[in-house]
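Last residue of the sequence shown: number 178 in our numbering, and the count goes up by one each step with no gaps.
Report on one structure; see the data block that follows.
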Amino acid sequence: MSVSVLLLRGINVGGRNALPMAELRAILEGLGAEDVATYIQSGNAVFRGEVSAEAIADGIEAAKGFRPQALVMSCERLEKVMASNPFSKEGEADGKSVHAWFFDAAPKALEDDTLALATKTERVEVTDTAAFLHAPEGIGRSRLAATLEKALGVPATARNWRTVMAIAKLVEERR
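Put into C-alpha cells, the structure is as follows:
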C-alpha cells in the first residue's frame, strides 16, 4: 500500500480553523487512510492508502465547518522536493531558516520586482517541484516570504526544513 503525505494550509492559525490532530487522524481514517501519523498542529499527516485532497477537504468541511486547502502527494514526490532543495546544507544547519513552498501546478517564474523584495541575506529558487527560500534572519519579517505564493501564481503551502525532515521520517517509518 502506498504512503501519502498530506499538507493542510490555514488551520490552527490565530485561533481560527481549529482542527486538533486527533480529529484529523479520525477524519483520515474515516476516509480509508491507514497507519495515520501527524506532526505538530499545523496539518501535516502521513498515511497509507489513497485518499484525495478533495475528499480530505470535504471531510474536514463536513466535520468542522471550514474547508482548508489540502495538498496530498506521494512519498516519491516528497523525496524529489527534498533532493531538489538548493539550500539543503543551510537547512541541515538551521531547519528554521529554509522553507519549501509546495504546490500542485506549475508556478510562474518570479519577476524582478518580487526578487527585489529579498534582503541581502535571503536567497530564493523555484524548481518544478517547489519554491525554496533561505531566510537566515527569519521568515517572520521577510517581505519576500509574505508575497511568494502570490508571485508564484499557484496555491501553495510552506513548511520549514525542520518540518519537512520530520515528515520524511514519518514516511520512512511507514515504508
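Beta carbons: idealized from backbone N, C-alpha and C, even for Gly.
The alpha-carbon separation between residue 9 and residue 76 amounts to approximately 7 Å. In the three-state reduction of the DSSP assignment, residue 4 falls in the coil class, being assigned neither a helical nor a strand state. The C-beta separation of residue 49 from residue 174 comes to about 5 Å, placing the pair in contact by the 8 Å criterion. Shown here for residue 112: same chain residues with a beta carbon closer than 8 Å to its own, the five before and five after excluded, namely 129 in chain order.
With 16 or more neighbouring CB atoms inside 10 Å of its own CB, residue 166 falls in the buried class. Here residue 164 has 94, 98, 101 as same chain residues with Cβ atoms under 6 Å from its own Cβ, once five neighbours each way along the sequence are excluded.
By DSSP's assignment, residue 77 forms a beta bridge with 7. Under the 10 Å beta carbon count, residue 24 is surrounded by 16 or more other beta carbons and is classified as buried. Segment contact: the region 105-121 against the region 139-156, three or more CB-CB distances shorter than 8 Å; contact assigned. Counting every other CB atom within 10 Å of its CB across the protein chains shown gives residue 5 a total below 16, marking it as exposed. When C-alpha distances from residue 40 are compared across 64, 61, 71, 7, the shortest belongs to 7. A distance below 6 Å between beta-carbons, with the five flanking residues on each side excluded, links residue 132 to the following residues of its chain, in chain order: 83, 84, 87.
DSSP links residue 104 through a beta bridge to 134, 161. An exposed status is given to residue 119, since fewer than 16 other beta-carbon atoms sit within 10 Å of its beta-carbon.
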